[in-house]
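Same order as they appear, the protein sequences are chains S and W. Residues in the first sequence are numbered consecutively from 1, following full-length UniProt numbering. Residues in the second sequence are numbered consecutively from 1, following full-length UniProt numbering. Positions of the beta carbon are idealized from the N, C-alpha and C atoms, including for glycine. Computed from a predicted model, the values in this text were never measured in an experiment.
Protein chains: 2
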Amino acid sequence: MRIAIDAMGGDHAPEVPLRGALKAAQEYPDLEIQLYGQTEALAAYLPDNLPANLQIVEAEEVIGTAEEPVKALRQKKKSSMVLGLKAVRKDQADAFISAGNSGALMAGALMQVGRMKGISRPAFLVNMPCFTDFNKSWVLIDGGANVDNKPAHLHQYAIMGSAYMAAVKGIDQARIGLLNNGKEAGKGNQLTQAAYELLSQEETINFIGNVEPSEVLNDACDVVVADGFAANMVLKSLEGASKAFVTLLSDTLKTASWKSKVAGLLVKEDLKTAFAGLNSDNIGAGVVFGVKQPVLKCHGSAKDDAFYYAILQARQMVSSQLYDQLAQDFEALAQREKEED
Amino acid sequence: MRIAIDAMGGDHAPEVPLRGALKAAQEYPDLEIQLYGQTEALAAYLPDNLPANLQIVEAEEVIGTAEEPVKALRQKKKSSMVLGLKAVRKDQADAFISAGNSGALMAGALMQVGRMKGISRPAFLVNMPCFTDFNKSWVLIDGGANVDNKPAHLHQYAIMGSAYMAAVKGIDQARIGLLNNGKEAGKGNQLTQAAYELLSQEETINFIGNVEPSEVLNDACDVVVADGFAANMVLKSLEGASKAFVTLLSDTLKTASWKSKVAGLLVKEDLKTAFAGLNSDNIGAGVVFGVKQPVLKCHGSAKDDAFYYAILQARQMVSSQLYDQLAQDFEALAQREKEED
């Protein structure tokens, strides 16, 4: 199995992608890891003896985070991102992982790897922590690739999310929830009301109904299906609230009074442990879902073992033959839709 | 000035509404407060000497939180909510405050008080805390009255929000932000892109551009304009994240280790003080905006002085002649739109 990696994407490139690649190459001899990047920039971080199953592939250009995606993809054909995606297209690699420009990765995956047959609008699948049980996590799909989804897109995302949870997390018949403004059937806007109908009628998935943003952190379901705009609202609100609370807590422990300062010292380690469960690095990388092969997205600020875990995630996605399964699922769906017409 | 109050709405009725009404009546002799509710239920909480400017008005029925709004309004014509709203319509009161069924209050305000001339779709204005400065707060409009807003609605909400901040909070030219999935102009879905154009061209307001959900808690702007569905996603995400963090923190302080237990005792008071700044009771009640007179909504779980502050808020809304101002604003807007046609 061959995994291509963008060594130049993200805030901590090339060190962090390289470190993850080295660790995975050493631990999994069955993997062949291809690291696309500027050989010169990588040189400083290379160990004396590279594992035999880790290959550095020169890519002289880099696509920056702030660059306009489509323009950057067109102009930088020798970038680590374009070359890595091309390797997947040419069947020189089975999957690609990057922490670089999200828009470019999404557009590049579509241009190079190509849309999976039967998928109308590829989506972004985001792995999220479960606050009530750190051994669990959930996924949000579409986590923000699209801004104006149609009900049929959400129907497809539910099938994709369900197949992902079975293949990667070993959860058969994952609980699928529809992100909505109320729990009762009949709630929602035009989009979610119509999507509710489609999901209710989809017999291959375990649709549990509407879920509200207030309960998604508390193990309400395994897969939250949403349009990309609403999902973006939720993700950014959770992010903003988390930061605001951590700041408020930290300010209190540092400055409120001598008693609170002492408390801060006493509770520091336990808080670190408690919040470590929410570390997104080992929860899983995002997935550009709906293209022909696995394309994964690490967070731009990913550190530590994020790439290592993303490589294992990609390995699982390939070895489980998830994409063959999805191809079958969408052929069956197209067949059913044809018969209903 | 006459303020009508629903004594029977909310989790802590009739005690909490009565207590707020008593306090306001005692402190503000210029107010005439009308308390609509079941005289018998209220009797247990009445003081020996009622202030002369507090009047109890018998309303034998109560609309429950779980009741279907329109049906309840039709069937319970003698409910505290219907009678209070009717008093406003008949010019027996200048404003109405309730902590009861939100849907019923919204529908009842429309049916009884009536839509303000020129307003297409009344909205719900929600007051929210600012985490970086507890002396500040911001408003979200539409906070969830509608699920499928049009760009023109958002345009109106911006004007309403701006007028509200000037009249009630004394902020002239409040900073108006459009809730969106990115800061740059051009971001967003069809709705927010079109709304951005309208807000940019509206010269009577101080439109500062897009704001993301991750920054709204940090004084990004004074008025966040949003469609009701997206706003609901944000409000419920903030609520869910807040609860999840408080639980995680509280569990750590209570159970992680003896050191953390000691820390919990030491920091308890300071944390209480820190989080008290986020207490929604004194930030302000919600407003059913776009009807002819002020209709305010306290949170169902409102306690302490929530009603007292809501009465002062209503008083400010009436005395500032906000609604006359809005009537002028919307006449001018209609005139401009006519000229542009």
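Is the shortest distance between the beta-carbon of G144(W) and the beta-carbons of chain S less than 8 Å? At least one chain S Cβ lies under 8 Å of G144(W).
Candidates K86(S), G9(S), L110(S), D324(S), of which the one nearest V70(S) by Cα: L110(S)
Rounded C-alpha distance that separates N189(W) from A25(S): 42 Å
Segment limits, beta strand (DSSP E) that includes G177(W): That run of the beta strand (DSSP E) goes 175-179.
Counting along the chain, where does the alpha helix (DSSP H) carrying K236(W) start and finish? Segment 228-255, the alpha helix (DSSP H) holding K236(W).
K78(W) versus E60(W): straight-line alpha-carbon distance, rounded: 6 Å
Looking only at its own chain, which residues have a Cβ that is under 6 Å from the Cβ of R2(W), when we skip the five neighbours before and after it? Cβ neighbours of R2(W) beyond the five flanking positions: E32, A93, D94.
Per-residue DSSP class, three states only, for A163(W): helix
Classify L154(S) as helix, strand or coil using the three-state DSSP reduction. Helix at L154(S).
Give the straight-line distance between the Cα atoms of E202(S) and Y164(W), rounded to the nearest whole angstrom. 47 Å
Give a yes or no on whether 8 Å exceeds the smallest Cβ distance from K297(W) to chain S. False, the Cβ-Cβ gap to chain S never drops below 8 Å.
For G300(W), which residues in the same chain have their Cβ closer than 7 Å to its Cβ, ignoring the five residues on either side in sequence? G10, D11, T65, A99
If contact means a Cβ-Cβ distance below 8 Å, which residues of the segment 114-129 of chain S contact chain W? none
At the level of alpha carbons, what is the spacing between residue 342(S) and R175(W)? No answer is possible for residue 342(S): it lies beyond the span of chain S, which begins at 1 and ends at 341.
Run of the alpha helix (DSSP H) containing K272(S), from where it starts to where it stops: 258-276
Is there a C-beta anywhere in chain S that falls below 8 Å from the one on G240(W)? yes
Counting only the same chain and skipping the five closest in sequence on each side, list residues whose C-beta sits under 7 Å from that of I119(S). Q156, G290, F330
Beta carbons nearer than 7 Å to chain W: which residues of the segment 169-186 of chain S have them? N181
Quick one: give me the first and last residue of the alpha helix (DSSP H) that G103(W) is part of. 102-108
Any beta carbon of chain W sitting closer than 8 Å to that of K236(S)? Among the residues facing chain W, K236(S) is included, as its CB has a counterpart in that chain under 8 Å away.
With 8 Å as the threshold, decide whether the Cβ of residue 343(W) is near any Cβ in chain S. Residue coverage of chain W in this structure runs from 1 to 341, which leaves residue 343(W) outside it and unanswerable.
Report the residues of the segment 206-236 of chain S with a CB closer than 9 Å to any CB of chain W, ordered along the chain. E212, P213, S214, E215, V216, L217, N218, A226, D227, G228, F229, A230, A231, N232, M233, V234, L235, K236
Taking beta-carbon pairs under 7 Å, can you tell me which members of the segment 259-291 of chain W lie near chain S? Hits within the stretch, in order: K259, S260, V262, A263, L266, V267, D270, L271, A274.
Just to check my reading of the structure: G240(W) and L253(W) have Cβ atoms closer than 8 Å, yes? What is that Cβ distance to the nearest angstrom? Wrong, their Cβ atoms sit about 21 Å apart, outside the cutoff.
Cβ closer than 8 Å: which chain S residues qualify as neighbours of G100(W)? Neighbours of G100(W) on chain S: none; closest Cβ ~18 Å, over 8 Å.
DSSP has I141(S) in a bridge; who is on the other side? L125(S), V225(S)
Segments of 3+ residues assigned as beta strand (DSSP E) that fall wholly inside the segment 74-103 of chain S: 95-98
Taking only beta-carbon atoms, is Q321(W) less than 8 Å away from chain S? no
With a CB to CB cut of under 6 Å and the five nearest residues on each side skipped, what residues in its chain are close to N127(W)? So the qualifying residues of the chain are S137, V139, I283, G284.
F134(S) to A104(S), Cα distance in whole Å? 32 Å
I want to see whether chain W comes within less than 8 Å of A107(S), judged by CB atoms only; does it? no
Contact criterion: CB-CB distance below 8 Å. Does L199(S) meet it with respect to chain W? no
Within 10 angstroms of its Cβ, does R315(W) collect 16 or more other Cβ (buried), or is it exposed? buried
Taking G188(S) as the query, report the chain W residues whose CB atoms sit under 8 Å from its CB, ordered along the chain. V147, F229
Residue closest to E67(S), alpha-carbon to alpha-carbon, out of N49(S), A107(S), V288(S): Taking only the C-alpha atoms, the option nearest E67(S) is A107(S).
Under the three-state reduction of DSSP, which class applies to D133(S): helix, strand or coil? The answer is coil: DSSP assigns D133(S) none of H, G, I, E or B.
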